[in-house]
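Counting with this note's numbering, you get residues 3 to 128 for the letters of the sequence shown.
The C-beta atom is built at its ideal place from N, Cα and C for all residues, glycine as well.
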Amino acid sequence: MNQFVQDVKEGIHSKKGWSNTAYGISHVGIIALTKILARAITEDPRDDILINACDPGWVRTDMAGPKATKSPDEGAETPVYAALLPTNAGQPNGEFLKDKIIQEWEVMSCQSHAVAAENKTLNKQI
Numbered sequence: 003m004n005q006f007v008q009d010v011k012e013g014i015h016s017k018k019g020w021s022n023t024a025y026g027i028s029h030v031g032i033i034a035l036t037k038i039l040a041r042a043i044t045e046d047p048r049d050d051i052l053i054n055a056c057d058p059g060w061v062r063t064d065m066a067g068p069k070a071t072k073s074p075d076e077g078a079e080t081p082v083y084a085a086l087l088p089t090n091a092g093q094p095n096g097e098f099l100k101d102k103i104i105q106e107w108e109v110m111s112c113q114s115h116a117v118a119a120e121n122k123t124l125n126k127q128i
């Protein structure tokens, strides 16, 4: 993240393959922080804490507008699901969820205008 900020300050972020929007890059940071925090919490003696990131999808809000494909209720399904996982679930932890499915992610070239990570659906629904 620091490298992105530095490259933007120097006006060379596009040449280095970064996105022109900080929005997409911020999501890569959120997913990375989720994984870091989930690893750190494993040292906690309590086993009832799960840390995950999620994508609600393209939700009809003031930001996305009326053409978005999901209603606010539909967009809330995955975040609510993650928040209400049973205390003894153990998993998912440190994961990125979309439509209640764990997504595999790898940082790819950030040249697209809004996407800084490529998500590949795992064949594993939780």
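query	result
For V61, the residue or residues it bridges with in DSSP	K72
Environment of N4 [buried if 16+ CB atoms lie within 10 Å]	exposed
Supposed close pair G77, P58 - CB separation, criterion 8 Å	4 Å
K100 in three-state terms, based on DSSP	strand
Spatially closest choice to A24 from L35, T36, D9, I38, by CA coordinates	D9
Other residues of its chain near G96: CB distance less than 8 Å, five sequence neighbours each side excluded	T36, K37, L39, A40, R41, I53, N54
Own chain, CB closer than 6 Å to F98, minus 5 neighbours either side, in chain order	I33, A55, Q105, W107
8 Å Cβ cutoff met for K100 and T80	yes
Close beta carbons around P68, own chain, < 8 Å, minus the five adjacent residues each side	R62
Within 8 Å, strictly: CB atoms of D64 and T89	no
Closer than 8 Å to chain B by CB, Y25	Annotation note: the requested chain B is absent from the structure, which comprises a single protein chain.
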